[in-house]
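Written out below as structure tokens is the structure these notes cover.
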Amino acid sequence: MFTRQTWLILAIAILAAAAGGWLQHRSRLAHVPAGVQVANVGDLRPDLALPDPDGQTHRLSDYSGRRVLLNFWATWCGPCLDEMPLLDQAQADYGAGGVRIVGIAMDDPAHVRRFLAAHPLDYPVLIGQLDAPSTSLRLGDTAEVLPYSVLLDATGRVLAVRRGP
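Residues in the sequence shown are numbered from 1303 upward in steps of one, following my numbering.
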């Protein structure tokens, strides 16, 4: 049987764990600027306008009517580069079935152009906004880690997100 002291220690440990979890959650969201909408699972994605590496602007709504996997990456991100051949193959395998992969480079456009010249991809690449609020933050990446992926349904609703490879 538990003694009163054991119950007290257990209660304090549970409260400390709950407080720590709350503080960690709060700290991850603390850098979201006031007034910035962050898309979460179930939300409609913002209709952002982003340039491709050549400067032509595209809207995320241009991809409506298909499931879309937005993959955030950078030329300096090793895990991002490791998953690119798999994403390229997935586009080849599932593109005809209505799935579209769109890379969003969180990087300098000149670096992206050089990278794509050396490593062409079979899916479109857009350039994300690095300044606050970043494109990845607006699409749910409150930790702003790369790689980061967002799966959208055909209407633009966020179905799932994944941080890391």
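Backbone N, C-alpha and C fix where the C-beta goes; we use that ideal spot for every residue, glycine too. Here the structure is a predicted model, which means the values were calculated and not measured.
Counted within 10 angstroms of its Cβ, other Cβ atoms place residue i as buried (16 or more) or exposed
i, result
"Q1393", "buried"
"G1399", "exposed"
"L1432", "exposed"
"L1310", "exposed"
"A1407", "buried"
Residues near residue i in its chain [Cβ-Cβ closer than 7 Å; skip 5 each side]
i, result
"Y1365", "R1402 and V1404"
Element boundaries [alpha helix (DSSP H), containing residue i]
i, result
"A1412", "P1411 to A1420"
"L1441", "Segment: none, L1441 is in no alpha helix (DSSP H) and carries neither H nor E."
"A1462", "Note, A1462: premise wrong, no alpha helix (DSSP H); beta strand (DSSP E) at V1460 to R1465."
"G1380", "G1380 to Y1396"
C-beta atoms of residue i and residue j nearer than 8 Å
i, j, result
"D1354", "I1429", "yes"
"N1373", "P1449", "yes"
"G1442", "V1452", "yes"
"P1387", "G1466", "no"
"D1409", "A1376", "yes"
The beta strand (DSSP E) enclosing residue i, as first and last residue numbers
i, result
"Y1450", "Y1450 to L1454"
"P1353", "A1351 to P1353"
Proximity to residue i [Cα-Cα], best of the options
i, options, result
"R1464", "S1438, R1368 and P1411", "S1438"
"A1412", "D1356, R1306, L1350 and Q1339", "D1356"
"V1370", "G1397, L1350 and L1383", "G1397"
"A1456", "N1342, R1347, A1319 and T1305", "R1347"
"A1351", "R1361, V1343 and N1342", "R1361"
Residues near residue i by beta carbon distance below 8 Å, same chain, minus five either side
i, result
"V1447", "R1465 and G1466"
"V1334", "V1340, P1435, L1439 and T1444"
Sequence-distant residues of its chain with Cβ nearer than 6 Å to residue i (five each side left out)
i, result
"D1390", "L1423 and D1424"
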